[in-house]
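First comes the structure, then the notes that go with it.
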Amino acid sequence: MDAYELITTRRSTRAFREEPVPEEALLKVLEAGRHAPSGGNNQTTHLLVIRNQEILKELAEIAEQEFAKMEIFPDTYKSLAGSIRASKKGGYVFHYQAPVLVLTANRRDYSNNIADCACVLENMMLMANALDLGSVWINQLKWLNESERVNEVLFRIGMKEEERVYGGLAIGLPDTEDGLPMRTPLPRTGNPVTFTD
Ligand SMILES: Cc1cc2nc3c(=O)[nH]c(=O)nc-3n(C[C@H](O)[C@H](O)[C@H](O)COP(=O)(O)O)c2cc1C
54 MDAYELITTR
64 RSTRAFREEP
74 VPEEALLKVL
84 EAGRHAPSGG
94 NNQTTHLLVI
104 RNQEILKELA
114 EIAEQEFAKM
124 EIFPDTYKSL
134 AGSIRASKKG
144 GYVFHYQAPV
154 LVLTANRRDY
164 SNNIADCACV
174 LENMMLMANA
184 LDLGSVWINQ
194 LKWLNESERV
204 NEVLFRIGMK
214 EEERVYGGLA
224 IGLPDTEDGL
234 PMRTPLPRTG
244 NPVTFTD
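Position one of the sequence shown corresponds to residue 54 (this note's numbering), numbered consecutively onward.
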């Protein structure tokens, strides 16, 4: 695939096979993420790669319990409201049972923390597409990034005291008919472009 095709065929995959992501492919995805640009070349994005299924289960259960306690207001962000509703119902697993979840953490007091994490995440999504891996951005632990219960787990697995999660990526072998990630581009109805010549 050339660069344009790689970018325009990147789609979110939300169904994963149970088997692990081949090590070599995962390392390439992570390296692609590490090569993202960063404000002032700070390179402070910390990639927490979670493959331990017990930890993923623990995080999914805590997240469900935390969301279930929240109220939905008329101005609650649509996707957050969806997580709250699904958690109140029960059985909510925010990472779609992917075998790998990469959380992007960064310094809490750094003004480009979200932007730098987003660059890392996009690089990883594109690399995953190039390698026929499925991936989807996972924002639930960003919404819960001040939850003591979530952070207790994340500190245990290596997040630093001064860091918080600003995004995440579920990665796995796609559980699709052809075994390939979703690739049909969505129509572009937004993201307008205004030229001034
Ligand atoms: C900032 C951001 C947050 C997102 N959070 C989630 C999420 O928590 N869970 C999810 O399933 N998809 C999430 N997505 C994926 C979007 O829903 C998806 O990119 C969008 O619907 C367009 O579909 P596509 O990725 O297949 O092109 C997120 C995407 C972005 C950029």
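The beta-carbon is built from N, C-alpha and C at its ideal position, and this holds for glycine as well.
Out of the options, which has the shortest C-alpha to C-alpha gap to residue i?
| i | options | result |
| --- | --- | --- |
| Gly92 | Ile167, Met178, Thr247 | Ile167 |
| Val173 | Met235, Gln106, Leu239, Leu83 | Leu83 |
| Asn94 | Tyr163, Ala151, Ile108, Asp185 | Tyr163 |
Between the C-alpha atoms of residue i and residue j, what's the straight-line distance to the nearest angstrom?
| i | j | result |
| --- | --- | --- |
| Glu72 | Phe248 | 47 Å |
| Arg138 | His88 | 37 Å |
| Tyr57 | Lys122 | 43 Å |
| Thr61 | Lys131 | 25 Å |
| Phe69 | Asp169 | 27 Å |
| Ala78 | Glu215 | 30 Å |
| Val155 | Ala113 | 14 Å |
| Phe126 | Ala134 | 8 Å |
| Thr157 | Asn176 | 12 Å |
| Gln118 | Thr66 | 25 Å |
Tell me the residue span of the alpha helix (DSSP H) that contains residue i.
| i | result |
| --- | --- |
| Ala56 | 56-61 |
| Ala78 | 76-87 |
| Glu201 | 201-209 |
| Ile108 | 106-121 |
| Leu194 | 193-196 |
Less than 8 Å between the CB atoms is what I'm expecting for residue i and residue j, so what's the real figure, rounded?
| i | j | result |
| --- | --- | --- |
| Phe147 | Ile210 | Between Ile210 and Phe147 the Cβ distance is about 17 Å, and since that is not below 8 Å, they are no contact. |
Given residue i, which residues of its chain have a CB within under 6 Å of its CB, disregarding the five upstream and five downstream residues?
| i | result |
| --- | --- |
| Lys141 | Ala121 |
Residue i lies in the beta strand (DSSP E); which residues open and close that run?
| i | result |
| --- | --- |
| Leu133 | Taken as a continuous stretch (DSSP letters only), Leu133 belongs to no beta strand (DSSP E), being part of the alpha helix (DSSP H) at 131-142. |
| Asn159 | 153-160 |
| Glu175 | Taken as a continuous stretch (DSSP letters only), Glu175 belongs to no beta strand (DSSP E), being part of the alpha helix (DSSP H) at 166-183. |
So is residue i in contact with chain B if we call contact Cβ pairs under 9 Å?
| i | result |
| --- | --- |
| Asp128 | Reference to chain B is not applicable here, since this structure consists of a single protein chain. |
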